[in-house]
Amino acid sequence: RMHCPVLKPQVVSVVDATLIDSINVADGALEDAVFVVNSSKDPQEIRAKLHAGPKQRVFAVDATKIALDCIGRALPNSPMLGALCKITGLITLEHLLEEVKKSFGKKFAQKIIDGNLEATRRGHEEVKEG
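Using my numbering, read the sequence shown as starting at 536 and increasing by one per residue.
So this is what it looks like as structure tokens:
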């Protein structure tokens, strides 16, 4: 495990959209970087706030709402993973869902596992580009 700053990110995941108003989350991002923001706002509005370059891609997913709907708590990690899965293509949705089952299966009740699986699926389905 490395402990160092990320100076030139290719992918930036913003779980708390209020950070966009307080720090430059796009600082140092590569010319073709991808931004995924947990927000109900239109991705074009987020693009403008980020001052994203023409080759940079900006996505939004209302991960908090999805988490509240599926899990009953404002825990946006699973929907954000689903969105990242779709955007990057680094892992298939099926493989991600299997990993969620494995990871959660040892620690949580089936209701929690099912909620996180649904939240992951919805994040994958509901992410929008702007």
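Each residue gets a CB set at the ideal place from its N, CA and C atoms; glycine is no exception.
All values reported here derive from a predicted model rather than from experimental measurement.
Buried or exposed: which applies to residue i, given that a residue is buried once 16 or more other Cβ atoms fall within 10 Å of its Cβ?
i    : result
N559 : exposed
F594 : buried
A609 : exposed
V549 : buried
S613 : buried
T623 : exposed
C539 : exposed
Using DSSP with H/G/I as helix, E/B as strand and the rest coil, what is residue i?
i    : result
F639 : helix
S575 : coil
K663 : strand
Looking at the unbroken beta strand (DSSP E) that takes in residue i, where does it start and where does it end?
i    : result
A595 : 592-596
V550 : Taken as a continuous stretch (DSSP letters only), V550 belongs to no beta strand (DSSP E), as it is neither H nor E.
Are residue i and residue j closer than 8 Å when you measure CB to CB?
i    : j    : result
M537 : V571 : no
V569 : V662 : no
A618 : H659 : yes
K590 : G563 : no
A552 : A587 : no
What span of residues does the alpha helix (DSSP H) with residue i cover, start to end?
i    : result
M615 : 612-623
L554 : 554-557
What distance in whole Å lies between the Cβ atoms of residue j and residue i, which are believed to be in contact at a cut-off of 8 Å?
i    : j    : result
S574 : I581 : 6 Å
K636 : L652 : 7 Å
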